[in-house]
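Each residue of the sequence shown is one higher than the one before, counting from 2 in the numbering used here. Here's the structure we're looking at; comments come further down.
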Amino acid sequence: MPPRVAASSVMDHPDGYGIVSRVLHWLMAVLLAWQFTSAASRQFLPDTPIEDFFWASHTSLGLLLLILVLVRGAWAIANWGKRPDSGLLAGFGHLVLYLMMIAIPTLALLRAYGRGRGYSAFGIQIFSPRDQEIEALVELGNAWHGLLGWTLLALAVGHITMAFVHRRADGRRVLTHMTKG
């Protein structure tokens, strides 16, 4: 019989996050870094091999990030009351990050649907092509997806900065909640 994993190492607790929260956090951090790199290469290095390399996976990874943030949100709810107390301001900041990570790929999906060309992620068809474009959905996605994406980048930089500089009342760095659990 395999050894049992202690509940405290899987579940979150007041002194740190469990392995599930940490894996989801760092996996999403890497994927978001890739997404920001792909968007920046498309913006600043158009029609280059660098853009081609990064941009090819942008839409598929966007859908994966949407799925992961929903899983992560559900996991956070399952751990409600067990997680480290981040304070009111940090809690609000986390909520905004979660909402942005839901809104941005959702807007991209709405735009893709509105274009009527169909959409596949990782070779799996999500929706089929249609004959008609839905202009309102395309305009909504065009107006907000990129703007919110760059806003998310700014918020992520702020989040990272605060994780490095913020300390608890006992002097322990807040970053240890997500690195050591």
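Virtual Cβ for every residue (Gly too), placed ideally from N, Cα, C. On a predicted model such as this, the values are computed, not experimentally measured, just so you know.
Approximately 6 Å separates the beta-carbon atoms of Gly-182 and Arg-23; this is inside 8 Å, confirming the contact.
Relative to the Cα of Phe-93, the nearest Cα in the group His-59, Arg-169, His-160 belongs to His-160. If you look at Gln-126, you'll find it in the beta strand (DSSP E) that goes 125-128.
Per the C-alpha coordinates, the member of Asp-13, Ile-20, Pro-15, Leu-64 positioned closest to Gln-36 is Leu-64.
The Cβ atoms of Ile-135 and Gly-147 lie no closer than 9 Å to each other. Counting every other CB atom within 10 Å of its CB across the protein chains shown gives Ile-78 a total below 16, marking it as exposed. Residue pairing of Ser-121 in beta bridges, as defined by DSSP: Gln-126. Out of Val-70, Pro-130, Gly-17, the CA that lies nearest to the CA of Ala-104 is found in Val-70.
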